[in-house]
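Student: Can you read through this structure? Questions will come right after.
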Amino acid sequence: MTEDHNNTRALRRETVFITGGMAAFVASIQLYSPAILPFQRLPGTTAFVGSFAQILLACTFVLALIVALLAFRGRRIPDAVARPTGALLYVIGSASFIASSVFDALPSNAIAFTCIATALTCSLGSVLLCLTWGRILKRLSFSRALITAASAAVICAAIHAFEYYAPVEIALGAFAACVIAAALLPYALRSHQATSQPAFSEHLPSLAHVTAAPALGLALCAFITGSMRTVFMEMYDTYIVGTLIAAAIVISCVLLTRNAPLIRVLYQRVIPLIAVSTLSIFSITLAVLGGSVLNAVMTMLLYMFVAILTLGIICAIAHAGEFPSDSVFLLALSLFALASFLGVRAGEMIADSDMNTLAIVVTALYAITTVQSQGVFNKADAEPDAQPEHGQDPNHDLPDAHKASEEHIDAIAQAHNLTRRETEILHYLAKGHTGAYVAKVLFISPNTARTHIHNIYRKLNVSSREEILHLTR
């Protein structure tokens, strides 16, 4: 009893630290437009932040991509290097950013040098700190990652609101506190050890298959927040409100979803509903009122929801262990930086009055793409499964598949020495699902799912889904 109590306390402590650290990191990372918008009122920001943002985003894209590819090849930066170096550079770069924003009396050549040096320092610090936090977040399952990300989003929105409305001196103090917390909290948490990974040539196609949907959402979210950064200044409240509503929806979905895979509910039901609602409100308010603040709220709601969901999926992919966590998180960071850079450039070429049109176009494309992919799970369950010996019709009537007992399946798995992942997959197979479905739900590639299923068939001495169902019934 005492041991269980201690484990529960340790888990709660870990959750608090992870949530707080994630919120502090997102609230202070200069790659994220809302994080630096409260500093637009400082005297030195106008001459500094435009060039700084573009250099920072370009450098982060390149550095994160390089380190991610090195991780694919097994060249992992040790924790002993990544943690202290990332923390130090992140703090120094952020301090330089604050100083450059406060002082406006520097000559133009000094501003240019400071801008480049600060951007390079912040970029490398952000990459290494993302590496460090990725190794910590790898321990989170999908549902736990979603709850953590949504809670962190609420805290982050509260921090941004406080910085926006508080006096400048207090806002700078809050920003500095977030920087220090993001840099030091990893020392209160342990990171997971690296595991062996498949060859480099096997990584990219499989990773692309697993990450296609979340990558699209992440890119669009980064593009929108980058392109609408000037609009944010006038309607910062909409970002706060949209984030809070999005976080509430995510948490509700996690707590209330019981009879369907969570990823299926979020992608097939919630995202299309929010996207279609956003487009409908755009059309109605434009026709009746000539526009409304509700448009901006719905836009922020959609893309903040997508951002939270994407972060949860990234953690789940790293948690699955098929790909190096360093590569998963840094490729996401690289994609975010690239999309943000393109968004910033687009925002410079598009007038603020046309931003609503841009948001409508991007939202419509995303809604169409999401709706078209709604049948992915149904299609996955209709595809033939891996059957090493002699195939059986995967669509054969399986009326008793749902009757499999969870305890009975666990007992079979233990008796035949199935691994934890194989046991998890066996539970899905016992319900009549195919390997393609399992791959989608567990965030692994179809090839990996088929390999696990082959191993399960071999260990159980069966050759078809029907035999699995009879065995587990």
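When we follow my numbering, the leftmost residue of the sequence shown carries the number 8, and every step to the right adds one.
Quick reminder that beta carbons are idealized off the backbone N, C-alpha and C, glycines included.
Only a predicted model underlies this, so the values are computations on that prediction, with no experimental measurement involved.
So, with DSSP's three-state summary, where would you put residue 229?
Tutor: For the purposes of this step, residue 229 is taken as the residue at position 222 of the sequence shown. Helix.
Student: Span of the alpha helix (DSSP H) holding residue 421?
Tutor: The sequence position of residue 421 within the sequence shown is 414, counting from 1. That run of the alpha helix (DSSP H) goes 413 to 422.
Student: Going by Cα to Cα distance, which pick from 235, 215, 153 is closest to residue 262?
Tutor: Taking the first residue of the sequence shown as position 1, residue 262 is located at position 255. Looking at the Cα atoms, 153 is the closest of the given residues.
Student: According to DSSP, is residue 37 helix, strand or coil?
Tutor: Reading the sequence shown from its first residue, position 30 is the one you call residue 37. Residue state, collapsed to three classes: coil.
Student: How would you write the range of the alpha helix (DSSP H) that residue 361 sits in, first residue to last?
Tutor: Here the question's residue 361 lines up with position 354 in the sequence shown. Segment: none, residue 361 is in no alpha helix (DSSP H) and carries neither H nor E.
Student: Of all the options 47, 130, 71, which has the alpha carbon lying nearest to the alpha carbon of residue 63?
Tutor: For the purposes of this step, residue 63 is taken as the residue at position 56 of the sequence shown. It is 130.
Student: Going by the CB atoms, is the gap between residue 325 and residue 447 shorter than 8 Å?
Tutor: Within the sequence shown, numbered from 1, the residue matching residue 447 stands at position 440. Within the sequence shown, numbered from 1, the residue matching residue 325 stands at position 318. In this structure, residue 447 lies away from residue 325, with their beta-carbon atoms at least 8 Å apart.
Student: To the nearest angstrom, how far is the alpha carbon of residue 159 from that of residue 250?
Tutor: Counted from its first residue, the sequence shown places residue 159 at position 152. Counted from its first residue, the sequence shown places residue 250 at position 243. Going from the Cα of residue 159 to the Cα of residue 250 covers about 11 Å.
Student: Could you check where the alpha helix (DSSP H) with residue 466 kicks off and where it finishes?
Tutor: Residue 466 sits at position 459 when you count from the first residue of the sequence shown. Start and end: 453 to 467.
Student: If distances are taken between C-alpha atoms only, which option among 439, 436, 468, 122 comes closest to residue 58?
Tutor: Along the sequence shown, read from residue 1 onward, the residue named residue 58 stands at position 51. The residue with the shortest Cα to Cα distance from residue 58 is 122.
Student: Within 10 angstroms of the Cβ of residue 247, are there 16 or more other Cβ atoms? Answer buried if so, exposed if not.
Tutor: Working through the sequence shown from its first residue, we reach residue 247 at position 240. Residue 247 is buried by the Cβ-count criterion.
Student: For residue 193, name the three-state secondary structure that DSSP assigns.
Tutor: Reading the sequence shown from its first residue, position 186 is the one you call residue 193. DSSP places residue 193 in the helix class (H, G or I) of the three-state scheme.
Student: Check whether the Cβ atoms of residue 52 and residue 89 lie closer than 8 Å to each other.
Tutor: The count along the sequence shown starts at 1 and reaches residue 52 at position 45. The count along the sequence shown starts at 1 and reaches residue 89 at position 82. Not a contact, by the Cβ cut-off of 8 Å.
Student: For chain C, check one thing: does any of its Cβ atoms lie closer than 8 Å to the Cβ of residue 361?
Tutor: Protein chain content of the structure displayed is limited to a single chain, and chain C is not contained in it.
Student: Pull up the distance between the alpha-carbon of residue 168 and that of residue 244, whole angstroms please.
Tutor: Counting from 1 along the sequence shown, the entry for residue 168 is found at position 161. Counting from 1 along the sequence shown, the entry for residue 244 is found at position 237. Taking the straight line joining both Cα atoms gives about 8 Å.
Student: Taking three-plus beta-carbon pairs below 8 Å as touching, is the segment 24 to 41 in contact with the segment 181 to 194?
Tutor: yes
Student: With 16 as the cutoff for other CB atoms within 10 Å, does residue 285 come out buried or exposed?
Tutor: Here residue 285 is taken as the residue at index 278 of the sequence shown, counted from 1. Burial call: buried.
Student: Out of 451, 175, 212, which one is the CA nearest neighbour of residue 106?
Tutor: Working through the sequence shown from its first residue, we reach residue 106 at position 99. Selected option, being the one with the closest Cα: 175.
Student: Does DSSP put residue 180 in a helix, in a strand, or in coil?
Tutor: What you label residue 180 is simply residue 173 of the sequence shown in a count that begins at 1. DSSP places residue 180 in helix when its eight states are reduced to three.
Student: For the segment 330 to 339 against the segment 268 to 281, do three or more pairs of beta-carbon atoms, one drawn from each stretch, fall closer than 8 Å, so that the two count as touching?
Tutor: No, the segment 330 to 339 does not touch the segment 268 to 281.
Student: How far does the alpha helix (DSSP H) with residue 473 in it extend, from its first residue to its last?
Tutor: In the sequence shown, the residue the question calls residue 473 occupies position 466. Note, residue 473: alpha helix (DSSP H), 472 to 479.
Student: Count the other CB atoms within 10 Å of the CB of residue 302; is the residue buried (16 or more) or exposed (fewer)?
Tutor: As a position in the sequence shown, residue 302 is number 295, starting the count at 1. So residue 302 ends up on the buried side.
Student: Roughly how many angstroms separate the alpha carbons of residue 116 and residue 50, rounded to a whole number?
Tutor: For the purposes of this step, residue 116 is taken as residue 109 along the sequence shown, with counting starting at 1. For the purposes of this step, residue 50 is taken as residue 43 along the sequence shown, with counting starting at 1. Answer to the nearest angstrom: the Cα atoms are 17 Å apart.
Student: Using the rule of at least 16 other Cβ atoms within 10 Å of the residue's Cβ for burial, across every protein chain shown, is residue 350 buried or exposed?
Tutor: As a first step, residue 350 must be located in the sequence shown, where it is residue number 343. Counting Cβ neighbours within 10 Å, residue 350 comes out buried, since at least 16 surround it.
Student: Under the rule that 16 or more other beta-carbon atoms within 10 Å means buried, what is residue 18, buried or exposed?
Tutor: Within the sequence shown, numbered from 1, the residue matching residue 18 stands at position 11. Its Cβ having fewer than 16 others within 10 Å, residue 18 is exposed.
Student: Straight-line CA distance for residue 468 to residue 420?
Tutor: As a first step, residue 468 must be located in the sequence shown, where it is residue number 461. As a first step, residue 420 must be located in the sequence shown, where it is residue number 413. Spanning the two alpha carbons is a distance of roughly 12 Å.
Student: Could you compute how far the alpha carbon of residue 136 sits from the alpha carbon of residue 143?
Tutor: The residue given as residue 136 occupies position 129 in the sequence shown. The residue given as residue 143 occupies position 136 in the sequence shown. Straight-line Cα distance between these residues: approximately 11 Å.
Student: From residue 208 to residue 81, what distance separates their C-alpha atoms?
Tutor: The sequence position of residue 208 within the sequence shown is 201, counting from 1. The sequence position of residue 81 within the sequence shown is 74, counting from 1. Here the model assigns residue 208 a pLDDT of 46, short of 50, so the residue's position is not dependable and the matter cannot be decided.
Student: How long is the line joining the alpha carbons of residue 177 and residue 256, rounded to whole angstroms?
Tutor: Locating residue 177 in the sequence shown gives position 170, where the first residue counts as 1. Locating residue 256 in the sequence shown gives position 249, where the first residue counts as 1. Rounded to the nearest angstrom, the two C-alpha atoms are 31 Å apart.
Student: My output table needs one value for residue 206: the three-state DSSP class, helix, strand or coil.
Tutor: By one-based count along the sequence shown, residue 206 stands at place 199. Because the pLDDT at residue 206 is just 46, under 50, the model does not fix this residue reliably, and the value given afterwards should be weighed accordingly. DSSP places residue 206 in coil when its eight states are reduced to three.
Student: Compare the C-alpha of residue 265 against each of 457, 43, 67, 150 and name the closest.
Tutor: Taking the sequence shown and counting its residues from 1, the one referred to as residue 265 is at position 258. Residue 150 is the option with its Cα nearest to residue 265.
Student: Would you mind working out which of 278, 472, 288 sits nearest residue 310, comparing C-alpha positions?
Tutor: One-based indexing of the sequence shown puts residue 310 at position 303. The option with the nearest alpha carbon to residue 310 is 278.
Student: Go ahead and label residue 410 buried or exposed: buried means 16 or more other beta carbons lie within 10 angstroms of its beta carbon, across all protein chains shown.
Tutor: Counting from 1 along the sequence shown, the entry for residue 410 is found at position 403. For residue 410, the pLDDT reaches just 46, beneath the cut-off of 50, and the residue's location in the model is therefore unreliable, although a value from the coordinates is still provided. Classification of residue 410: exposed, given that the 10 Å Cβ count is below 16.
Student: Among the residues of its own chain, which have a CB less than 8 Å from the CB of residue 466, if the five just before and after it don't count?
Tutor: As a first step, residue 466 must be located in the sequence shown, where it is residue number 459. So the list reads 423, 424, 425, 429, once near-sequence residues are dropped.
Student: Only counting the same chain, and skipping five residues up and downstream in sequence, which positions put a Cβ closer than 7 Å to that of residue 1?
Tutor: Nothing in the structure corresponds to residue 1, since the chain is present only between 8 and 480.
Student: Using a threshold of 8 Å, state whether the C-beta atoms of residue 344 and residue 38 are closer than that.
Tutor: The count along the sequence shown starts at 1 and reaches residue 344 at position 337. The count along the sequence shown starts at 1 and reaches residue 38 at position 31. Yes.
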